[in-house]
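Here is the structure we will look at.
In the working numbering, the protein residues as written are 4 to 254.
This is the structure in structure tokens:
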């Protein structure tokens, strides 16, 4: 990846550049708020109409500032492990900030959910962009010589694209799908599932997410009976369902 020579001020105000154009585009598309460059950091995730936007820098932990669009399914478990209480689970932004302070990049091995997130590490002067492993919650970005623009809504970056990506258009017409990192717009990329983007003053590079924490030990399973294995699997399945439904009745 090409080193972009991004200055800390540019990283901290990545979305501030071109703010007026993005706000106008958001209004024309019916977005309630853009969440771009309102606070001192000038970083945020813009979400489609009907979804609440959040700002980086509001209610975050010292030294690390985060914003989450979507849902972290195991938030109560993470909050309990971090603080001994599940109350922090109600604020995904603060939870992600606290998790980053405690575990660093290893926090990505612990996250379970459908989300896009941005995290600004103030002491290290670096920006992290990530999404869930399946890529169900998209995150788009555009690299320019001296700035990085990003959003969870591709249309807000569209005014900065000069042309359509013809290869992406052909791919869509053939498969009705465009595989990341390509998007329909030339110069706008989608963060690939199972990866995160690391931006600092030297470079902007995608990195693979660490493997998720194992739910069992192969050595331990080898000593288990068939009935034990069935109970372990059933417990994992029910936990996954509980996290995603929150005990709501479903059909």
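The C-beta atom is built at its ideal place from N, Cα and C for all residues, glycine as well. Since this is a predicted model, take the numbers as computed values, not measurements.
{"Item": "Own chain, CB closer than 8 Å to residue 232, minus 5 neighbours either side, in chain order", "Value": "224"}
{"Item": "Residue 116 (DSSP reduced to helix, strand or coil)", "Value": "strand"}
{"Item": "Supposed contact pair residue 131 and residue 142 - C-beta distance, whole angstroms, cut 8 Å", "Value": "Actually they do not touch by this definition, with Cβ atoms about 11 Å apart."}
{"Item": "Cross-strand partners of residue 209 (DSSP beta bridge)", "Value": "200"}
{"Item": "Helix, strand or coil at residue 106 [DSSP, three-state]", "Value": "helix"}
{"Item": "Cβ-based neighbour list, residue 126, same chain, cut-off 6 Å, excluding 5 preceding and 5 following", "Value": "66"}
{"Item": "Coil, strand or helix - residue 73 by DSSP", "Value": "strand"}
{"Item": "For residue 111 and residue 163, the rounded distance between their alpha carbons", "Value": "30 Å"}
{"Item": "Cβ pair residue 129, residue 195 closer than 8 Å", "Value": "no"}
{"Item": "Alpha carbon of residue 108 to alpha carbon of residue 176, nearest angstrom", "Value": "38 Å"}
{"Item": "Residue 147 in three-state terms, based on DSSP", "Value": "strand"}
{"Item": "Beta-carbon proximity of residue 116 to residue 178, cut-off 8 Å", "Value": "no"}
{"Item": "Per-residue burial, residue 90 [other beta carbons within 10 Å of its own, 16 or more giving buried]", "Value": "exposed"}
{"Item": "C-alpha distance - residue 84 paired with residue 183, whole-angstrom precision", "Value": "34 Å"}
{"Item": "Span of the alpha helix (DSSP H) around residue 247", "Value": "229-248"}
{"Item": "Nearest residue (CA-CA) to residue 192, options 86, 78, 147, 212", "Value": "147"}
{"Item": "Rounded straight-line distance, which links the Cα of residue 241 to that of residue 247", "Value": "10 Å"}
{"Item": "Range of the contiguous beta strand (DSSP E) that encloses residue 130", "Value": "129-134"}
{"Item": "Reference residue 149, options 205, 199, 134, closest by Cα", "Value": "205"}
{"Item": "Residue 85, DSSP secondary structure in three states", "Value": "helix"}
{"Item": "Short Cβ contact (8 Å threshold) for residue 186 with residue 171", "Value": "yes"}
{"Item": "Residue 244 to residue 113 span [Cα, whole Å]", "Value": "17 Å"}
{"Item": "Rounded straight-line distance, which links the Cα of residue 96 to that of residue 74", "Value": "11 Å"}
{"Item": "Inter-residue Cα distance where the pair is residue 71 and residue 101", "Value": "13 Å"}
{"Item": "Nearest to residue 190 (by Cα), restricted to the options 174, 160, 197", "Value": "160"}
{"Item": "Alpha carbon of residue 10 to alpha carbon of residue 94, nearest angstrom", "Value": "Unreliable positioning characterises residue 10 in this predicted model, as indicated by a pLDDT of 43, which lies under 50. The coordinate reading is nonetheless provided below. Spanning the two alpha carbons is a distance of roughly 30 Å."}
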